[in-house]
Amino acid sequence: MGNERTEGVITRGTTHPNRLRRIDRWLIACHGEVLTKGAEPPVVVDLGYGASGVTSAEWHARLRAVRPNVEVVGLEIDPARVEAALPYAREGLSFARGGFEVPLQGRSARVIRAINVLRQYGEDEVAPAWESMQRRLDPDGLLIEGTCSELGRLGSWVVLDRERPLTLTLSWRLRDLTEQSLPPSIVAERLPKVLIHRNVSGEPIHALLADLDQAWAHASAIAPFGPRQRMIAAVEALAQDWPIRGGAKRWRLGEVSVDWRAVAPVGQRA
Ligand SMILES: C[S@@+](CC[C@H](N)C(=O)[O-])C[C@H]1O[C@@H](n2cnc3c(N)ncnc32)[C@H](O)[C@@H]1O
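Numbering of the sequence shown is given in the working numbering, commencing with residue 724 and proceeding in unit increments.
Below, the structure is given as structure tokens:
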């Protein structure tokens, strides 16, 4: 560990209590089995937790409800933020300095959560960062990498295993769409770094968001039943042309997952 170079640079440390609640809820609902597998306590890493340890502490509480002996390690590239997080440390929750090399003293990670970290890097830095983090996953491990708004009400994330990206998930607080008359494509503002510059004609993510906006508009007749029913109707229509994952239970929460192969940037299709 001592000889490893810290990979990455210090960036803005903005965070907020409950900011990552939607991502945590999705992980437990859609990939909960990775947390409960195996006799050894799994190690999960909150990479780039920011100016305080609050989201790591929340993750620890949420995951311990599912796997009581899970070990959460918060890693930050900024040593001052490691110091700042120490008051949050408790049994099964520790903080240390580290970057994309994910130093874990010889252990590997079941889950790495890196949210709002790559946003401040260049698009060409995504693939090496993903590869570096993927190398640190155990055979059942998952990397969750994405971006969200300050309060976490709008966001998106990619989930990867050791080999490849699996899905992209888009997430909205549905009331915001109806109360502010916003189209679902507003999520383009909070796409993961790998896609944020790709919301242009000719790219699959652009086509997906355009189709979703159209389906949402067509579902306006259902608006009196509320935004949840409207989103279910819109995603049912979208699923005729796109490999959408999950079902109405997720869609009504404002959460839509699609196979990565359908939205991978042109030139990066697996
Ligand atoms: C905007 S904050 C995100 C905080 C938290 N994850 C959230 O979403 O609220 C980004 C943090 O990532 C840290 N960071 C940037 N690159 C990193 C890297 N390669 N390894 C670890 N931390 C990194 C920055 O120092 C910063 O504190």
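Ideal Cβ placement from N, Cα and C applies to all residues, glycine included.
In this text the structure is predicted, and so the values were computed from the model without any measurement.
In the structure shown, the three-state DSSP call for S894 is strand. Within the same chain, and ignoring the five residues on either side of G875 in sequence, the residues whose Cβ sits closer than 8 Å to its Cβ are H739, N741, R742, L743, R744, R745, I746. Here the alpha carbons of D801 and H783 stand approximately 21 Å from one another. Here the stretch 832–839 lies against the stretch 763–773, with 3 or more beta-carbon pairs under 8 Å apart. If you check the C-beta of A985 against ligand 1, you find no heavy atom less than 7 Å away.
A distance criterion of 7 Å places the beta-carbon of V732 in contact range of ligand 1, judged by its closest non-hydrogen atom.
No Cβ-Cβ contact shorter than 8 Å links V923 with E846. The criterion of a C-beta distance shorter than 8 Å is satisfied by S779 and G797. Taking 7 Å as the cut-off, one finds at least one heavy atom of ligand 1 near enough to the beta carbon of E799.
One thing to note: I945 has its Cβ no nearer than 8 Å to the Cβ of V958. With a cut-off of 7 Å, the C-beta of H739 is classified as near ligand 1, since at least one heavy atom of the ligand falls inside that distance. Between the alpha carbons of D934 and T901 lies a distance of about 18 Å.
From the listed residues W880, P888, S943, the smallest Cα separation to R913 is found for W880.
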